[in-house]
Amino acid sequence: MEEEETYLEFYLDQCTAQDEVVPPRSPPFSPVTSYDVYIPNPSNPEMAFSSHLKDKETSGDFSSVDLSFLPDELTQENKDETVNGSKDEVEKTCKTQSHQSQLPLPKEQDIDLGLNGSGLSSSQSHLHPDDADSVQPSPEKPTSDPLPLASVASMKPMTPVSECSGIVPQLQNIVSTVNLACKLDLKKIALHAKNAEYNPKRFAAVIMRIREPRTTALIFSSGKMVCTGAKSEEQSRLAARKYARVVQKLGFPARFLDFKIQNMVGSCDVRFPIRLEGLVLTHQQFSSYEPELFPGLIYRMVKPRIVLLIFVSGKVVLTGAKERSEIYEAFENIYPILKGFKKA
Amino acid sequence: MPGGRRCPDCDSTELVEDSHYSQSQLVCSDCGCVITEGVLTTTFADEGHLREVTYSQSTGENEQVSRSQQRRCLRRVRDLCRVLQLPSTFEDTAVAYYQQAYRHSGIRAARLQKKEVLVGCCVLITCRQHNWPLTMGTICTLIYADLDVFSGTYMQIVKLLGLDVPSLCLADLVKTYCSSFRLFQASPSVPAKYVEDKEKMLSRTLQLVELANETWLVTGRHPLPVITAATFLAWQSLQPSGRLTCSLARFCKLANVDLPYPATSRLQELLAVLLQMAEQLAWLQILKLNKRSVVKHIGDLLQHRHTLVRKAFRDGTAEMEACEREVQGQRQGEEEVGDSSLDLPVRKRPASPALLLPPCMLKPPKQLRPTPPVCTVTGDENISDSEIEQYLRTPEEVRDFQRAQAAGQAAKSLPNPL
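Going line by line, the protein sequences match chains A and S.
Per my numbering, the first sequence starts with residue 2, numbered consecutively.
Per my numbering, the second sequence starts with residue 10, numbered consecutively.
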């Protein structure tokens, strides 16, 4: 038992040291190769754990291992602990597997295992089930076949690392509303303000514009106002306040109530062409692609509730968000789906 | 006439049961006195529960109008199906969709124009679900509707009914569209050398459309212009000697088919792809083909199209990643080196195969407006008075503006000097 604890300590020390160092694309096993130095005894106890934990046995390596030196109560104890899925067992398992697979893995797994590296070190009490799965690629099969770890699945997943795509959608437009809480005389506003246009026959509101932040506002006689064109939430708020100040200076008792962001629009470029016909086939329930009407595919994501316009050039427009995080989340959700159509 | 009752006013026995709107009344036919009134309700259940029924409900006005409108529209659905010569099962499906749509209050309350456009939408959805190639353009011409109105109603109804509408089947569309070209028999307008065998033309057009699809010319674009361009090329290539002089516009006029506007640019794109492929065939490299002469060899190119596309184009996506990692100048240097090391004497051959990308990605990237520097705005900054005042008119300006407005109004009210 003492042996395992020291090995575990060494391993955890390594993990914390590697935490800052491991970038997403780094070769995944640089931490592992160093373990060879620290773990002279090829981790036999761990192999026993892993054989209990895995549903599908990767028979090859483990059956040849000689476990006769282990005392009986050690294996029994670990059997019990396996069911509970305590952190020690899982981390030892991962250590085992990383130790086992000394082959350099193909590139696709870099990111997964990079995640795993940072995952294990950053959170010692939680383990992302996917990360753990990706760590145990069996030596025979270089392509990772995630083996379900029954004990790990019950653990709370940690927040996924955000450098999956490396692309951040840029916000292009924010629409917000505010209540000025007083009846307005639109004719007077149009007369006294230089930046206002008012054509009651066309539209029942004054259209006012300011230069900084570059925005447009629709001001209604009820005192409600819509502000559009800002590139960030704070800019939208500042712009709305400026419009309110203009109305105030014109002699109305304008206030600034219930400022609310109604819609946010973002856009980005995934930089590869997308087979829209394929995407509409696999994601029929969310997509609408009518080339006779519109060149882009309209993807209505359920969670978060965002509408994405996906074009063949790889440009994506995201709209319908009330929060910036919804746009980022929606893009992170769609990026793997789009990547799936990259080589098609 | 119920027995035993007498009018309380004139004591007559001539009592008639009459209904005033839907309210049944017992009226004296001599003096017109109303003796009893029925309950002003429409249903037995309502009567039983003594529930109030509004006037509009009692007259059945809405229902009658809606029902007659619905019946008229359903008849239109059937007529449209017959005009398009669709199988009878399609008729029933389309009618069912229309009835389903009509149950939604938004549709019932919609304008007549929308209801008529909905007729076309239901027929289109039915055809799509049975893979019957029918374009929106055709439907719009048949129901005399604008494409924008049609598209709005179509998207709305698909969402409302939660339908899964499959994409337009390209191969079937090619077959029906090609068959509509009047080139398969000699006629006064079609000289003998322009007449072509239908099967040969169909198969070659299909191959060309498949090629266009593979090389990103179809995704995101309206399918019909691509097919027009492909048909034209197929027709030309089957007998190039006599037909190279014929232009696309003339071809469509001969064939009695409308020329869609994007077809010319699709034609150019398709020819560019074929030229790229021709570079890979040894016996065509020496010929130094251009967009006109390549038509003569379309047959050969199509025969080996799969290998040629693979050889002629490198994976655009891999290349884009390579671009990001390397410096521009460095890459150009590599290309030059690559060029000089090639043994092939053909100067027209590019240093490296072209990228297999949609045309919109091959164009030089637009000069993006430089993203404004990330200014940290908190939204709670102080707003200076001077900044606000720049947007307000001074009293003199207000007076001038009012004077100008008044003058403008006066000028408008004056009659035009004739």
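Even glycine gets a Cβ: it sits at the ideal position worked out from N, Cα and C.
All values reported here derive from a predicted model rather than from experimental measurement.
Its chain contains F241 as the residues whose beta carbon lies nearer than 6 angstroms to that of F260 (chain S), once the 5 sequence neighbours on both sides are disregarded; these appear in chain order.
Excluding sequence positions up to five before and after E100 (chain S), its CB lies within less than 8 angstroms of the CB of V86, R87, C90 and R91, all in the same chain and listed in chain order.
Interface annotation, R408 (chain S): not in contact with chain A, CB-CB separation never under 7 angstroms.
Under the three-state reduction of DSSP output, V313 (chain A) falls in the coil class, being neither helix nor strand. As computed with DSSP, T320 (chain A) is found in a beta bridge with A:V266 and A:V308. Q289 (chain S) counts as buried, since no fewer than 16 other beta carbons sit within 10 angstroms of its beta carbon. Shown in chain order are the members of the stretch 179-205 of chain A whose Cβ falls below 9 angstroms from a Cβ of chain S: L192, H193, A194, K195, N196 and A197.
Within the stretch 67-128 of chain S, the complete alpha helix (DSSP H) segments of 4 residues or longer fall at 70-92, 97-111 and 114-117, listed in chain order. Any Cβ of chain A closer than 7 angstroms to the Cβ of L366 (chain S) would place that residue at the interface, and such an atom is present.
In this structure, the alpha-carbon of M265 (chain A) lies about 45 angstroms from that of R84 (chain S).
Neighbours of E390 (chain S) across chain A, judged by C-beta separation under 7 angstroms: L239. The alpha-carbon of E333 (chain A) is positioned some 12 angstroms away from that of C269 (chain A). Shown here, R210 (chain A) sits in a strand according to DSSP, grouped into three states. The alpha-carbon separation between L169 (chain S) and A194 (chain A) amounts to approximately 45 angstroms. Bounds of the beta strand (DSSP E) holding A197 (chain A) are A197 to Y199. The alpha-carbon of Q171 (chain A) is positioned some 48 angstroms away from that of K262 (chain S). Taking G315 (chain A) as the centre and dropping the five residues before and after it, the same chain places the C-beta of D270, V271, R272, F273, P274 and I275 closer than 7 angstroms to its C-beta, in chain order. Distance between K323 (chain A) and Q263 (chain A), taken at the CA atoms: about 6 angstroms. Three or more pairs of CB atoms, one per stretch, sit closer than 8 angstroms, so the stretch 103-114 of chain S contacts the stretch 131-138 of chain S. Where D394 (chain S) is concerned, the enclosing alpha helix (DSSP H) starts and stops at D394 to E398. For the options A:A245, A:V179 and A:G279, the alpha carbon positioned closest to that of E398 (chain S) is the one of A:A245. Shown here, R323 (chain S) sits in a strand according to DSSP, grouped into three states.
Contact annotation: C131 (chain S) and Y163 (chain S) have beta-carbon atoms that are not nearer than 7 angstroms.
Contact between the stretch 13-20 of chain S and the stretch 36-44 of chain S is present, with at least three C-beta pairs closer than 8 angstroms. Counting only the Cα atoms, V303 (chain A) lies some 46 angstroms from L257 (chain S). Remark: C-beta atoms of M226 (chain A) and V179 (chain A) approach each other more closely than 7 angstroms. Below the 7 angstroms Cβ cutoff, chain S contributes S176 and T228 as neighbours of E278 (chain A), in chain order. Residue range L298 to M302 is occupied by the beta strand (DSSP E) that includes R301 (chain A). A distance below 7 angstroms between beta-carbons, with the five flanking residues on each side excluded, links G297 (chain A) to the following residues of its chain, in chain order: L310, I311 and F312. Contact fails between the stretch 291-300 of chain S and the stretch 232-246 of chain S, because fewer than three Cβ pairs, one in each stretch, are under 8 angstroms apart. As far as DSSP is concerned, M145 (chain S) takes part in no beta bridge. The beta carbon of P368 (chain S) is closer than 8 angstroms to those of W225, L226 and E278 in its chain, skipping five residues each way along the sequence. Ranked by Cα distance from S177 (chain A), the first of A:Y199, A:K250 and A:K232 is A:K232.
DSSP places S21 (chain S) outside both helix and strand once states are collapsed to three, so it counts as coil. F193 (chain S) is not a Cβ neighbour of K209 (chain S), given a cutoff of 7 angstroms. V199 (chain S) places its beta carbon 7 angstroms or farther from that of P249 (chain S).
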